[in-house]
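K.L.:
Pasting in a structure now, in structure tokens, and then I'll have a few things to ask.
2 protein chains.
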Amino acid sequence: MKLHGYFRSSASYRVRIALNLKGLGVEHLPHHLRKGEQCTAAFLAINPQGLVPALEDDQGSVLTQSLAIIEWLDETHPAPPLLPKDPLRRAKVRAFAQALACDTHPVQNLKVLTRLRELGLSEHKVTAWAGWVNREGLTACEKLIEREAGPFCFGEAPSLADLCLVPQLANARRFGVDVDTFPRLLKAEAAAKAMTAFADAAPDKQPDAE
Amino acid sequence: MKLHGYFRSSASYRVRIALNLKGLGVEHLPHHLRKGEQCTAAFLAINPQGLVPALEDDQGSVLTQSLAIIEWLDETHPAPPLLPKDPLRRAKVRAFAQALACDTHPVQNLKVLTRLRELGLSEHKVTAWAGWVNREGLTACEKLIEREAGPFCFGEAPSLADLCLVPQLANARRFGVDVDTFPRLLKAEAAAKAMTAFADAAPDKQPDAE
Numbered sequence: 002m003k004l005h006g007y008f009r010s011s012a013s014y015r016v017r018i019a020l021n022l023k024g025l026g027v028e029h030l031p032h033h034l035r036k037g038e039q040c041t042a043a044f045l046a047i048n049p050q051g052l053v054p055a056l057e058d059d060q061g062s063v064l065t066q067s068l069a070i071i072e073w074l075d076e077t078h079p080a081p082p083l084l085p086k087d088p089l090r091r092a093k094v095r096a097f098a099q100a101l102a103c104d105t106h107p108v109q110n111l112k113v114l115t116r117l118r119e120l121g122l123s124e125h126k127v128t129a130w131a132g133w134v135n136r137e138g139l140t141a142c143e144k145l146i147e148r149e150a151g152p153f154c155f156g157e158a159p160s161l162a163d164l165c166l167v168p169q170l171a172n173a174r175r176f177g178v179d180v181d182t183f184p185r186l187l188k189a190e191a192a193a194k195a196m197t198a199f200a201d202a203a204p205d206k207q208p209d210a211e
Numbered sequence: 002m003k004l005h006g007y008f009r010s011s012a013s014y015r016v017r018i019a020l021n022l023k024g025l026g027v028e029h030l031p032h033h034l035r036k037g038e039q040c041t042a043a044f045l046a047i048n049p050q051g052l053v054p055a056l057e058d059d060q061g062s063v064l065t066q067s068l069a070i071i072e073w074l075d076e077t078h079p080a081p082p083l084l085p086k087d088p089l090r091r092a093k094v095r096a097f098a099q100a101l102a103c104d105t106h107p108v109q110n111l112k113v114l115t116r117l118r119e120l121g122l123s124e125h126k127v128t129a130w131a132g133w134v135n136r137e138g139l140t141a142c143e144k145l146i147e148r149e150a151g152p153f154c155f156g157e158a159p160s161l162a163d164l165c166l167v168p169q170l171a172n173a174r175r176f177g178v179d180v181d182t183f184p185r186l187l188k189a190e191a192a193a194k195a196m197t198a199f200a201d202a203a204p205d206k207q208p209d210a211e
């Protein structure tokens, strides 16, 4: 399989963790987002959204959207599972993941921040925007799992929730958010980061890292 | 079951369609978003994200995030299915849904547009922002299904993709987007709107419609 990604892309980072947890090797094809390489005609033919990640399977089919890719990986390579078996628990894990993957990350991604700059917002205001978005999303996530024993977001093994949490916390720090106000999230992050699958997926470990 | 929603909320609209397709009746509990009713302490105790929809099941468990709720409904009430059986097709449907539910809708929702106004953007620029977001998302979606025979987004029956498309097209029109440039999406919308399950879920049919 081939993974079109970018070392700093949170959504690519999620998929890299999933691949590592499943023990699946892929060819990494980096696209430099800040240089606009995701908007070339060649890449738009692969993913018309012009976003990474995109995963090409062994038959050449292209999968897009990180959560859809991860659910597909979980359905086609079930061990270890990234979602619980119980439908209600699955819904809880998915809701946590979507609080970050829908309501947080896309509102502070490169495209949105670039647009804010184009509208004349100062660099200070753009960073404040990204901080606001991260703080709101993570505050809700902290509440969503405050009664979960852990150490991961939901239970004793990583799930789709942890795959979304770890990259988002990295973003939050980058935008100056005081993450010490999220002790339960930090507990899950610590458990995750102790695993090779998470550590090896980190942005600074990627071949295209700057 | 009880559905906390708002007539004009796209995410609530998706869940209403799913409930209708599954033939499930629920008690509707409206929260007026423009009056901030989703930010009361009582509602935050139900959903710490302060967003609708939230679904309370018959045991009092609360489910949040529209896509997570719809996947739960599909897992617990499998007929008619809202996702195909084949993993690759499931991934395609989910990716289409997420292109709207992650990358489009949350970047133009009430909270984001309010924030843009607070940052001093004119009403004209705020509407242009919402138009830009909708145009980008729908342009990608049109490409994603251009080779799908339909009439629905993926095949001869509605799926999670159509549940996301119909509310998003309504938003796009509200923000002045010329949707005639998306013939394949309009074909799917027409097939969907001919169904009672979609028609009855429309914002203007809800008890809290203004």
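Sequences listed follow chains H and G, in order. For the first sequence, position 137 (counting from the first letter as 1) is numbered 138 according to this note's numbering, and the numbering increases by one without interruption. For the second sequence, position 111 (counting from the first letter as 1) is numbered 112 according to this note's numbering, and the numbering increases by one without interruption. Here a beta-carbon is modelled for each residue, glycine too, at the ideal position from N, C-alpha and C.
1) Give the residues from the region 61-72 of chain G that approach chain H closer than 9 Å (Cβ to any Cβ), ordered along the chain.
2) Counting pairs of Cβ atoms below 8 Å between the region 22-36 of chain G and the region 182-194 of chain H, do you hit three or more?
3) Buried or exposed for Pro208/H, going by 16 or more other Cβ atoms inside 10 Å?
4) Count the other CB atoms, across all protein chains shown, that sit within 10 Å of the CB of Asp179/G; report buried if there are 16 or more and exposed otherwise.
5) Taking 8 Å as the CB-CB limit, is Cys103/G close to chain H?
6) Listing by chain order, which chain G residues have their CB less than 8 Å from the CB of Lys3/H?
7) Name the chain H residues that come within less than 8 Å of Val108/G, Cβ to Cβ?
8) For His106/H, count neighbouring C-beta atoms within 10 Å of its own C-beta (all shown protein chains included) and say buried if the count is 16 or more, exposed if not.
9) Can you find a CB in chain H that lies within less than 8 Å of the CB of Arg91/G?
10) 8 Å is my cut-off, CB to CB: does Thr41/G come that close to chain H?
11) Considering Cα atoms alone, identify which of Leu164/H, Val53/H and Arg174/H is closest to His5/H.
12) Quickly, what does DSSP pair Leu30/G with across the bridge? List them, please.
13) Counting contacts by CB-CB distance shorter than 8 Å, is Lys86/G in contact with chain H?
14) Indicate whether Val108/G and Leu117/G have their beta-carbon atoms separated by less than 8 Å.
15) Count the other C-beta atoms from every protein chain shown that fall within 10 angstroms of the C-beta of Lys166/G, then say buried if there are 16 or more, exposed otherwise.
16) From what residue to what residue does the alpha helix (DSSP H) around His94/H run?
17) Can you give the Cα-Cα distance for Pro81/H and Leu74/H, rounded to whole angstroms?
18) Is there a C-beta anywhere in chain G that falls below 8 Å from the one on Ala171/H?
19) How long is the line joining the alpha carbons of Lys23/G and Arg17/G, rounded to whole angstroms?
20) Whose C-alpha, out of Val27/H, Leu45/H and Ala19/H, is nearest the C-alpha of Cys142/G?
21) Please work out which residues of its chain come closer than 6 Å, Cβ to Cβ, to Leu101/G, disregarding the five sequence neighbours upstream and downstream, and give them in chain order.
22) Residues in the region 28-53 of chain G with C-beta within 9 Å of chain H's C-beta atoms, listed in sequence order?
23) Which residues in the same chain as Asn48/G place their Cβ atom closer than 6 Å to its Cβ, once the five residues preceding and following it in sequence are excluded?
24) Round the Cβ separation of Arg95/H and Ala69/G to the nearest angstrom and send it over; I've been treating them as touching at under 8 Å.
25) Examine chain G for any beta-carbon lying closer than 8 Å to the beta-carbon of Arg95/H, and answer yes or no.
P.N.:
Answer, in terms of the structure:
1) Against chain H - using a Cβ distance shorter than 9 Å - the residues of the region 61-72 of chain G are Ser62, Leu64, Thr65, Gln66, Ser67, Leu68, Ala69, Ile70 and Glu72.
2) Look at the beta carbons and you see the region 22-36 of chain G not touching the region 182-194 of chain H: under three pairs across the two are nearer than 8 Å.
3) Working through the first sequence from its first residue, we reach residue 208/H at position 207. That one is exposed.
4) The residue given as residue 179/G occupies position 178 in the second sequence. Exposed is the call here.
5) The count along the second sequence starts at 1 and reaches residue 103/G at position 102. Taking Cβ atoms only, chain H reaches closer than 8 Å to Cys103/G, which makes this a yes.
6) Numbered from its first residue, the first sequence carries residue 3/H at position 2. Close to Lys3/H, with beta-carbon spacing below 8 Å, lies no residue of chain G; the smallest spacing is near 15 Å.
7) Position 107 of the second sequence, counted from the first residue, corresponds to residue 108/G. In chain order: Pro107, Val108 and Val113.
8) Within the first sequence, the letter at position 105 stands for residue 106/H. Label assigned to His106/H: buried.
9) As a working note, residue 91/G is residue 90 in the second sequence. Arg91/G has a beta carbon lying within less than 8 Å of a beta carbon in chain H.
10) Numbered from 1 along the second sequence, position 40 holds the residue referred to as residue 41/G. It does not; no Cβ of chain H falls within 8 Å.
11) By one-based count along the first sequence, residue 5/H stands at place 4. Nearest to His5/H by C-alpha distance, out of Leu164/H, Val53/H and Arg174/H, is Val53/H.
12) Here residue 30/G is taken as the residue at index 29 of the second sequence, counted from 1. Leu30/G pairs with His5/G.
13) Translated into positions along the second sequence, residue 86/G becomes position 85. By this cut-off, Lys86/G is not an interface position.
14) As a position in the second sequence, residue 108/G is number 107, starting the count at 1. As a position in the second sequence, residue 117/G is number 116, starting the count at 1. No, the pair does not count as a contact, with Cβ atoms beyond the cut-off.
15) On the second sequence, position 165 is the one that residue 166/G refers to. For the sequence presented, residue 166/G should be read as Leu rather than Lys. Leu166/G is buried by the Cβ-count criterion.
16) Start at 1 with the first residue of the first sequence, and residue 94/H comes out as number 93. The sequence given here has Val at residue 94/H, not His. Start and end: Pro88 to Ala102.
17) Position 80 of the first sequence, counted from the start, is the residue given in the question as residue 81/H. Position 73 of the first sequence, counted from the start, is the residue given in the question as residue 74/H. Rounded to whole angstroms, Pro81/H to Leu74/H spans 11 Å at the Cα level.
18) Here the question's residue 171/H lines up with position 170 in the first sequence. Taking Cβ atoms only, chain G never reaches closer than 8 Å to Ala171/H, which makes this a no.
19) Taking the first residue of the second sequence as position 1, residue 23/G is located at position 22. Taking the first residue of the second sequence as position 1, residue 17/G is located at position 16. Those two C-alpha atoms are separated by around 10 Å.
20) Counting from 1 along the second sequence, the entry for residue 142/G is found at position 141. Checked all of Val27/H, Leu45/H and Ala19/H; the closest Cα to Cys142/G is Leu45/H.
21) In the second sequence, the residue the question calls residue 101/G occupies position 100. Gly138, Cys165 and Gln169.
22) Along the region 28-53 of chain G, the positions whose C-beta sits under 9 Å from a C-beta of chain H are Leu45, Asn48, Pro49, Gln50, Gly51 and Leu52, read in chain order.
23) On the second sequence, residue 48/G is found 47 positions in, with the first residue counted as 1. If the five residues before and after Asn48/G are omitted, its C-beta is found closer than 6 Å to the C-beta atoms of Ala55 and Thr65, all from its own chain and listed in chain order.
24) Counting from 1 along the first sequence, the entry for residue 95/H is found at position 94. Counting from 1 along the second sequence, the entry for residue 69/G is found at position 68. At roughly 4 Å, the Cβ-Cβ gap stays under 8 Å, so Arg95/H and Ala69/G are in contact.
25) For the purposes of this step, residue 95/H is identified with residue 94 of the first sequence, where counting begins at 1. At least one chain G Cβ lies under 8 Å of Arg95/H.
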